[in-house]
Amino acid sequence: MHNLLEKVYQTNSLTKVEIIYLLENITPEDREILYSHALKTKQKYYGNKVFLRGLIEFSNICRQDCLYCGIRASNAKVERYRLTPGEILGCCDIGYDLGYRTFVLQSGEDLWYTAEILGALIQEIKKRYPEVAITLSIGERRVETYQSLFASGADRFLMRHETASKDLYEKLHPTMHFEDRQACLSTLKDIGYQVGAGFMVGLPGQTFADLAEDLRYLSEISPDMIGIGPFIPHSETPLGTEKGGTLEDTLVMVALARLLIPGSLIPATTALGTLNPQGRELALKAGANVLMPIITPTSVRKQYALYENKICGDDKPEDCRYCIERRIQAAGFEMDLGRGDSWQFSS
Ligand code: SAH
1 MHNLLEKVYQ TNSLTKVEII YLLENITPED REILYSHALK TKQKYYGNKV FLRGLIEFSN
61 ICRQDCLYCG IRASNAKVER YRLTPGEILG CCDIGYDLGY RTFVLQSGED LWYTAEILGA
121 LIQEIKKRYP EVAITLSIGE RRVETYQSLF ASGADRFLMR HETASKDLYE KLHPTMHFED
181 RQACLSTLKD IGYQVGAGFM VGLPGQTFAD LAEDLRYLSE ISPDMIGIGP FIPHSETPLG
241 TEKGGTLEDT LVMVALARLL IPGSLIPATT ALGTLNPQGR ELALKAGANV LMPIITPTSV
301 RKQYALYENK ICGDDKPEDC RYCIERRIQA AGFEMDLGRG DSWQFSS
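The C-terminal position of the sequence shown is numbered 347 in full-length UniProt numbering, with every residue numbered one higher than the one before it.
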């Protein structure tokens with residue numbers, strides 16, 4: 001095991017067989033070594049900085065029916081909302097005043113927001129705040145839409161691949177296709193977006209071989225951003241009584257992602273913070289370097305429940321801003337309020 005831990009630290013590569021062996025045999029002591037290798041690798045590329053992104057969850061209306069997700073189309077118990085472009089701009093104003101220079105616009109797959117509506121919104125945000133980066137996380141759209149949104153000024157696009165194993169993907173996504181998702185990611189990259197992929201840990205039926213495939217796929221596409229979080233069951237979904245992912249497994253995957261794609265931006269996810277009060281801090285110490293404080297209006301926050309017991313539901317944007325700053329400092333890192341482009345994009 002020690003050979004493998006040294007190999008991944010020195011060479012930033014492992015074969016799939018080696019990853020599976022590592023996941024099957026890792027001990028608590030090995031994990032600490034892995035986390036410290038990942039932390040040192042993060043520091044080599046990004047120093048002690050942690051970048052912030054203001055997250056605006058602008059609609060929980062979704063045409064897809066992902067088995068794990070609380071806002072899936074079939075969940076009739078969700079009270080649905082849609083922020084108007086004016087309301088979204090209001091969130092950006094608040095976020096800008098709090099110092100954020102990246103806004104992440106995330107939603108269910110809600111086609112009410114056409115290419116025209118989103119394009120005009122992006123242009124207005126860029127007109128008000130030319131120095132900010134805009135990240136979209138709106139799911140699958142036509143190539144032409146991705147192109148026109150990029151032309152309007154969107155900089156980055158988050159689309160987790162969710163799982164790189166076809167069988168598992170198709171079981172979890174009855175309304176979607178494995179090949180489409182990965183095709184979207186490569187189209188987005190070709191258009192010129194900084195692209196974020198990623199996956200959930202602890203999905204029902206997910207094996208170590210599946211997780212190794214996730215890392216192999218990430219190494220292949222070398223994304224600018226990598227979102228990794230534990231699966232957390234939501235009672236109003238078909239997976240409501242399943243077990244969720246664990247803190248340890250998720251941290252191991254974060255650390256391996258840092259070591260295998262060393263220049264990537266990796267958030268300490270809200271889902272990890274939901275699983276454990278120190279989850280995000282532990283992720284920062286295992287190689288993560290981004291936090292995404294929520295700036296969604298408090299009035300609708302609780303309705304954007306991808307999973308249950310999501311943290312910060314009653315908080316206001318300024319509460320999240322200062323809570324996050326304190327957490328970064330307490331964990332021994334420095335907050336960076338710049339745009340925070342990825343290492344491979346900036347170099
Ligand atoms: N509709 C957009 C945004 C998805 S929501 C898109 O398709 O990309 C953001 C992420 O939340 C998803 O990619 C998924 O990985 C995660 N997520 C959804 N339900 C979850 C759950 N029950 N537990 C943990 N993470 C979940």
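C-beta atoms are modelled at their ideal positions from N, C-alpha and C, and glycine is treated no differently.
On a predicted model such as this, the values are computed, not experimentally measured, just so you know.
- The Cβ neighbour count for D314, taken over all protein chains shown within 10 Å, is under 16; the residue is labelled exposed.
- Of the residues G279, V300 and I228, the one whose Cα lies closest to the Cα of L265 is I228.
- Under the three-pair Cβ rule at 8 Å, the segment 95-105 counts as touching the segment 50-61.
- Burial check for P233: the Cβ neighbour count within 10 Å reaches 16 or more, so the residue is buried.
- With a 10 Å radius around the Cβ and a threshold of 16 neighbouring Cβ atoms, D167 comes out exposed.
- Assigned with DSSP and collapsed to three states, D214 falls in helix.
- In the assembly as shown, Q194 is a buried residue. Its beta-carbon has 16 or more other beta-carbons within 10 Å.
- Burial of H173 is indicated by the presence of at least 16 other C-beta atoms within 10 angstroms of its C-beta.
- With 16 or more neighbouring CB atoms inside 10 Å of its own CB, I328 falls in the buried class.
- When DSSP states are grouped into helix, strand and coil, G279 belongs to the helix group.
- Considering only L284, Y322, S219 and G108, the residue with the shortest C-alpha distance to D65 is G108.
- Looking at the DSSP output, I294 sits in a beta bridge with L55.
- Per DSSP, reduced to three states, the secondary structure at E131 is coil, with no helix or strand assignment.
- Residue nearest to P297 within the set K16, S59 and H2 is S59 (criterion: CA-CA distance).
- Secondary structure of E79 (DSSP, three-state): coil.
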